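*Asks:*
In our numbering, the protein residues as written are 219 to 273.
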């Protein structure tokens, strides 16, 4: 029995073997995720670097 894992986009169970869309369950989820990256929906929180004071 092949191993299954949840699709990172929709959570539906998917297989790794013989899955051309891995780690996604389908091309649809793969393209939705790519669109999210293109729209800057995935961001890491950052702090602005402190500015050096000029004397």
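For every residue, glycine included, the Cβ atom is placed at its ideal position computed from N, Cα and C.
The model shown is predicted, which means the values in this text are computed figures rather than measured ones.
Do residue 261 and residue 247 have their C-beta atoms closer together than 9 Å?
*Replies:* Here the question's residue 261 lines up with position 43 in the chain shown. Here the question's residue 247 lines up with position 29 in the chain shown. No, the pair does not count as a contact, with Cβ atoms beyond the cut-off.
*Asks:* Under a three-way DSSP split, which group does residue 231 fall into?
*Replies:* For the purposes of this step, residue 231 is taken as the residue at position 13 of the chain shown. DSSP places residue 231 in strand when its eight states are reduced to three.
*Asks:* Residue 224 to residue 259, Cα distance in whole Å?
*Replies:* Here residue 224 refers to the residue found at position 6 of the chain shown. Here residue 259 refers to the residue found at position 41 of the chain shown. So the two alpha carbons sit approximately 21 Å from each other.
*Asks:* Taking residue 236 as the reference, which of 249, 268, 257, 220 has the closest Cα?
*Replies:* As a position in the chain shown, residue 236 is number 18, starting the count at 1. Of the candidates 249, 268, 257, 220, the one whose C-alpha sits nearest the C-alpha of residue 236 is 220.
*Asks:* Distance, Cα to Cα, residue 238 vs residue 229?
*Replies:* Here residue 238 is taken as the residue at index 20 of the chain shown, counted from 1. Here residue 229 is taken as the residue at index 11 of the chain shown, counted from 1. Each residue's Cα considered, the two are about 17 Å apart.
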